[in-house]
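Quick note: to get my numbering, add 143 to the position in the sequence shown (first position is 1). Every residue gets a Cβ at the ideal spot worked out from N, C-alpha and C, and that includes glycine. Keep in mind the model is a prediction, meaning the values are calculated, not measured. Structure record follows, encoded as structure tokens.
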Amino acid sequence: MAKVSELILSLFDVGAVKFGSFKLKSGIQSPIYFDLRVIISHPKLMQTICEILEEVVGGLKAVDVICGVPYTALPLATIISVRKNIPMVIKRREQKLYGTGKMIEGEYTEGQTKCLILEDVVTTGSSIVETTLALRSHGILVDEAIVVLNRNYPAADENLKKNGISLTSVVKVDQLLDVLLNGDRITLKQKVEVEKFLAEGQTIPEAVQPLKTEQNGDGEEGIESSLSKKLSSPKSQKLFDIIISKQSNLCLSADCETWQELISIGEVVGSKICAMKTHVDALSFQDPNEIALFKRKLAELASEHNFVIIEDRKFADIGSTVMKQLTAAPFSISEWAHFVTVHSIPGPGMLKAFKEKDKGVILIAEMSSVGNLPSILPDYKKKTLEMVEESGNEDIVVGFVSQSRVGSSLGGKGGGGSATCFLQFTPGVSLHSTGDALGQQYVTVRNAILERDADVIIVGRGILQQGREKWVEAAEQYRKEGWEALKEKLQLK
Ligand code: 5BU
């Protein structure tokens with residue numbers, strides 16, 4: 144206990160916990176802020192943290208390996224591994240595009256190796272869950288995690304419990320506040336202010352990992368991170384982050400006949416895509432067990448390869464019906480899709496259903512098919528954008544399916560300002576065809592990105608129809624062309 148108090152004071156003294164006024168992405172001001180990345184500059188503090196963690200590890204059931212969630216917990220896990228002689232495994236942040244293509248580094252035996260996860264700070268628990276699912280998909284057994292600082296966010300407990308993970312915390316926020324007050328680091332007023340902030344259900348901001356660490360000498364932020372900040376919502380920022388880190392703005396439209404085929408293509412092209420788009424109601428399933436298996440396998444694939452799942456359901460009804468369509472079995476779309484496509488026809492009320500289920504919305508502003516009404520009707524696109532802005536739904540609307548820009552451009556035509564931007568998803572892209580017999584119209588990758596201002600290209604048959612043996616080659620061709628064109632458009636290096 145004395146050691147934990149000493150740790151709390153040291154965390155404050157090195158600036159890992161800050162008090163003041165910090166602006167959150169949502170615009171809310173927070174009176175407290177965590178940044179545990181700074182601890183790597185203080186070896187003594189690293190030692191104290193590891194000693195405490197080792198005591199905690201000693202009190203848990205025996206484990207075969209430990210895994211630190213990148214980045215800050217990685218050096219902590221390394222120290223503990225060496226000192227306690229417990230081997231480590233590392234989960235890569237994205238799959239290698241070459242070589243062995245392994246996601247997990249280190250030795251383990253499927254179905255036998257038991258792993259303990261280490262994390263520096265927990266907010267929603269999503270990083271721990273993501274790491275757990277990736278490890279489990281490789282047959283590694285995970286049911287426990289330790290965190291240095293727990294922000295007492297109720298959703299985290301629920302999220303971890305739901306995924307069968309029990310969490311041990313070294314420091315909880317209420318204890319942190321008590322120790323800092325008694326140690327004369329903060330005033331009673333500051334303590335009360337933070338307690339009130341937390342009681343309102345707010346989360347403490349944490350230093351986010353920069354998209355790219357490259358910076359100019361004068362400390363100016365990288366272009367990718369300033370572009371990311373222009374995006375409307377944390378959800379679109381997350382996708383943009385994936386696009387940059389995987390160098391891919393390719394969304395595979397996985398319009399397969401069977402769910403098994405969809406999983407197969409996901410396995411082989413997962414490393415090349417930023418998103419996978421599904422039409423779950425167009426897949427054939429034998430029974431509900433197959434649907435459950437499909438959902439689990441798809442979620443594992445998305446976690447392992449770090450891509451977003453978009454269910455192209457094209458919701459178009461009043462809110463209460465949409466809520467049922469989103470959640471009802473057997474598909475239970477809200478359980479596994481990160482983003483869903485939605486028509487703007489019903490008006491803004493239905494967006495509440497998606498907000499309640501925390502789904503990213505991609506609104507359809509234009510279609511790719513011949514004579515589609517959204518493209519013909521005057522102001523349809525403009526009204527779709529106004530609907531989002533006027534109803535204050537920028538935080539869940541990730542972007543628009545469109546054939547031309549809706550609102551401000553991220554970097555292309557009319558870009559460069561500070562206005563909030565939405566991502567543009569453009570389907571009807573093919574390097575092999577100009578259309579089909581049922582009204583689909585295609586443009587090339589470069590045309591979609593450089594002329595029509597797409598940020599994400601959606602490609603289905605252009606890849607699928609190349610045949611199983613050519614899936615990877617075709618996906619790589621679209622990824623490469625798409626990424627080169629995006630770099631040109633956004634003037635990335
Ligand atoms: P294709 O095989 O690349 O033509 O598939 C395109 C996919 O994008 C397919 O799943 C369509 O349902 C989806 N799509 C589209 O093609 N055009 C649109 O305007 C919209 C969706 Br919205």
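State yes or no: is the C-beta of residue i nearer than 7 Å to some heavy atom of ligand 1?
i	result
residue 484	yes
residue 456	no
residue 655	There is no way to answer for residue 655, as the model of the chain reaches only from 144 to 636.
residue 512	yes
residue 409	no
residue 422	yes
residue 571	yes
residue 548	no
residue 601	yes
residue 507	yes
Given this structure, state the Cα-to-Cα distance separating residue i from residue j, to the nearest angstrom.
i	j	result
residue 277	residue 568	28 Å
residue 307	residue 300	10 Å
residue 304	residue 612	41 Å
residue 356	residue 513	Its pLDDT being 28, under 50, residue 356 is placed unreliably by the model, and nothing is read from it.
residue 417	residue 392	6 Å
residue 493	residue 434	26 Å
residue 486	residue 443	28 Å
residue 459	residue 577	29 Å
residue 372	residue 398	33 Å
residue 553	residue 311	42 Å
residue 259	residue 385	26 Å
residue 441	residue 401	13 Å
residue 335	residue 329	10 Å
residue 623	residue 468	36 Å
residue 408	residue 235	21 Å
residue 314	residue 368	31 Å
residue 605	residue 572	8 Å
residue 550	residue 528	7 Å
residue 253	residue 286	15 Å
residue 507	residue 221	47 Å
Buried or exposed: where does residue i fall if 16 or more other Cβ atoms within 10 Å of its Cβ makes it buried?
i	result
residue 536	buried
residue 633	buried
residue 202	exposed
residue 516	exposed
residue 214	exposed
residue 339	exposed
residue 411	exposed
residue 501	exposed
residue 432	exposed
residue 331	exposed
For residue i, which residues does DSSP report across the bridge?
i	result
residue 247	234
residue 590	Residue 590 is not bridged to any residue.
residue 444	For residue 444, which the question treats as bridged, DSSP gives no partner whatsoever.
residue 399	Bridge partners of residue 399: none, in fact.
residue 258	208, 285
residue 190	Residue 190 is not bridged to any residue.
Considering residue i, what are the terminal residues of the beta strand (DSSP E) in which it resides?
i	result
residue 298	Careful: residue 298 lies outside any beta strand (DSSP E), inside the alpha helix (DSSP H) at 297 to 305.
residue 293	284 to 293
residue 542	540 to 544
residue 418	418 to 421
residue 315	309 to 315
The alpha helix (DSSP H) that contains residue i, what's its start and end?
i	result
residue 620	614 to 633
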